[in-house]
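For the protein sequence lines, the chains are A and B, in the order given.
Read in the numbering used here, the first sequence has 74 at position 64, and its numbers run on one by one without any break.
Read in the numbering used here, the second sequence has 241 at position 216, and its numbers run on one by one without any break.
See below for the structure under consideration.
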Amino acid sequence: MSNVDLIIYCGLITFFTRFSMIALLKKEMFNDRIREVLSYVPSAIFPAIIFPAIFLDNVGSILIEDNPKILAAFIAMIVGILTRNIIATIFSGLASYWILIFVV
Amino acid sequence: MSNFKIFIKGITDVSPLMIPVVPFGLIFGVFSTDLGFSPIMTMGMSIIIFGGASQIIFLQLISGGASSLVILSSVGAVNSRHLLYGAVMSEHLSDLKLTWKIIISYFLVDQAFASSNNFFKKYNNNNKYFHLLGGGVTCWTIWQTTTFLGIILGSFIPEKLGLSFAVPLTFLALLIDDFRKIINVIVIVTSGLIATLGFQIIPYKAYVIVAAISGLIMAFILTKFFKKNYE
Chain A
11 MSNVDLIIYC GLITFFTRFS MIALLKKEMF NDRIREVLSY VPSAIFPAII
61 FPAIFLDNVG SILIEDNPKI LAAFIAMIVG ILTRNIIATI FSGLASYWIL
111 IFVV
Chain B
26 MSNFKIFIKG ITDVSPLMIP VVPFGLIFGV FSTDLGFSPI MTMGMSIIIF
76 GGASQIIFLQ LISGGASSLV ILSSVGAVNS RHLLYGAVMS EHLSDLKLTW
126 KIIISYFLVD QAFASSNNFF KKYNNNNKYF HLLGGGVTCW TIWQTTTFLG
176 IILGSFIPEK LGLSFAVPLT FLALLIDDFR KIINVIVIVT SGLIATLGFQ
226 IIPYKAYVIV AAISGLIMAF ILTKFFKKNY E
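Structural data, given as structure tokens:
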């Protein structure tokens, strides 16, 4: 499959999950239990992007020592928990990272 | 209220939610450019897929050499959260014509959903879907503009700055409310550890799916267990 085909298919998948919820789904189709579990989807999926991007190096090996991303992400998380502000979270993480790689 | 007024109300209601979308769109544009995607391909992704998390997963897996099947199923998994909204939205929009359902589905992103879902609780006239349209069109405009600006930024920001690190930070920022809840934290750590440890072991770059499913199973078990404790 070419990249263009893949983009189109991903677009269709995204569209149809949105469409199905308006056109096909009825409220009764989901009981409270399924709804409750589905509410954890972001917590279950986003870490699969977050953790490898922090803890793995360019070739995919785990890198703990001498890895400024870990401390920077930790600072961002603390700022996020304290401020509940998305922008502050992103920028505190980036700023810490830059300080760690360029200054320290 | 007239259709136009509701449309405008949709725009103003969703606007505060657009603040975090701005860096997300910029980062997507920069990241995609860094990975060597042309401006047309990058804009194409934002227009055709029009979903931040889906697009980032797509980029990450395609640049890691994942197979089509893995990419498509991972994007499907990311989108599964939309099914949750369906249960809520379908009752509000069930009377709409098919054409409108198709148009609105394209624009139904997280922020538009969140803002209109609040509005629908208070306002129940037939033309309420114009609110969702106003919110959706706003999200779309911001997303396309910031993608475009990100492409421009990405072409002259030095790679040394490590702006790709903004990708995990953005997703981290989307979870900040969840760090306060114990079940969420356990789910987050489970999924994160499995994705990291499984990155090289799990074949076909299926680590996103495997981690996500493990996280959901964990959520399923924990919510059951914690409920029992309450009773």
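Yeah, the Cβ is synthetic: ideal placement off N, Cα and C, and Gly gets one too.
Worksheet item: Using the rule of at least 16 other Cβ atoms within 10 Å of the residue's Cβ for burial, across every protein chain shown, is residue 28 (chain A) buried or exposed?
Response: buried
Worksheet item: At what residue ranges does the segment 17–85 of chain A contain a whole run of the beta strand (DSSP E), taking only runs of 3 or more?
Response: none
Worksheet item: So which residues on chain B does residue 46 (chain A) lean against when the C-beta distance must stay under 7 Å?
Response: 248
Item to complete: Can you pull the chain A residues whose beta carbon is under 9 Å from the beta carbon of residue 55 (chain B), in chain order?
Response: In chain order: nothing, as chain A lies at least about 12 Å away.
Worksheet item: CA-CA distance, residue 177 (chain B) and residue 127 (chain B)?
Response: 32 Å
Worksheet item: Tell me which same chain residues have a C-beta within less than 8 Å of the C-beta of residue 121 (chain B), skipping the five on either side of it?
Response: 129 and 154
Practice prompt. Please list the partners that residue 202 (chain B) has in chain A, where partner means a Cβ-to-Cβ separation under 8 Å.
Written response: 94
Worksheet item: What does a CB cutoff of less than 6 Å around residue 255 (chain B) pick up in its chain, not counting 5 residues either side in sequence?
Response: Caution is warranted here: a pLDDT of 48 is assigned to residue 255 (chain B), below 50, making its placement in the model unreliable, and the coordinate value is therefore given only provisionally. So no residue of the chain qualifies.
Discussion item. At the 7 Å Cβ level, is residue 256 (chain B) part of the contact set with chain A, yes or no?
Written reply: Bear in mind that the predicted position of residue 256 (chain B) carries a pLDDT of just 43, short of 50, making it unreliable; the figure below should be weighed with that in mind. Residue 256 (chain B) does not count as touching chain A.
Discussion item. Tell me which residues share the same chain as residue 231 (chain B) and place their Cβ nearer than 6 Å to its Cβ, disregarding the 5 neighbours each side in the sequence.
Written reply: 95
Practice prompt. Report the residue ranges of all alpha helix (DSSP H) runs contained in full by the segment 120–198 of chain B; include only those spanning at least 4 residues, in chain order.
Written response: 123–132, 135–147 and 154–181
Worksheet item: Mapping DSSP to helix, strand and coil, what is residue 228 (chain B)?
Response: helix
Worksheet entry | Closer than 8 Å at the beta carbon, the chain B residues around residue 16 (chain A) | 83, 87, 93, 96 and 97
Discussion item. Checking 7 Å against the spacing of the C-beta atoms, do residue 237 (chain B) and residue 55 (chain A) come in under that value?
Written reply: yes
Item to complete: Using the Cα positions of residue 170 (chain B) and residue 251 (chain B), report the straight-line distance between them to the nearest angstrom.
Response: 44 Å
Item to complete: Return helix, strand or coil for residue 78 (chain B), following the three-state DSSP convention.
Response: helix
Worksheet item: With a CB to CB cut of under 7 Å and the five nearest residues on each side skipped, what residues in its chain are close to residue 78 (chain B)?
Response: 103
Worksheet item: Would the beta-carbon of residue 58 (chain B) fall within 7 Å of that of residue 180 (chain B)?
Response: yes
Discussion item. Going by DSSP in three states, residue 209 (chain B) sits in which element: helix, strand or coil?
Written reply: helix
Discussion item. Please state whether the Cβ-Cβ distance between residue 156 (chain B) and residue 31 (chain B) is less than 7 Å.
Written reply: yes
Practice prompt. Determine, using beta carbons only, whether residue 39 (chain B) and residue 136 (chain B) come nearer to each other than 7 Å.
Written response: yes
Item to complete: For residue 114 (chain A), name the three-state secondary structure that DSSP assigns.
Response: coil
Item to complete: Note down, in chain order, each residue of its chain lying with its Cβ closer than 7 Å to the Cβ of residue 243 (chain B), except the 5 sequence neighbours on either side.
Response: 211, 212 and 215
Discussion item. When you compare the CB of residue 43 (chain B) with every CB in chain A, is at least one pair closer than 7 Å?
Written reply: no
Fill in: Three-way DSSP call (helix, strand, coil) for residue 43 (chain B) in this model
helix
Worksheet item: Helix or strand or just coil, what does DSSP make of residue 95 (chain A)?
Response: coil
Discussion item. Against chain A, which members of the segment 156–182 of chain B pass a CB distance test of less than 7 Å?
Written reply: none
Item to complete: Select from B:219, B:190, B:203 and B:247 the residue whose C-alpha is nearest the C-alpha of residue 261 (chain B).
Response: Because residue 261 (chain B) is not part of the residues shown, which for chain B are 26 to 256, the question remains open.
Discussion item. If distances are taken between C-alpha atoms only, which option among B:98, B:51, B:203 and B:64 comes closest to residue 49 (chain A)?
Written reply: B:203
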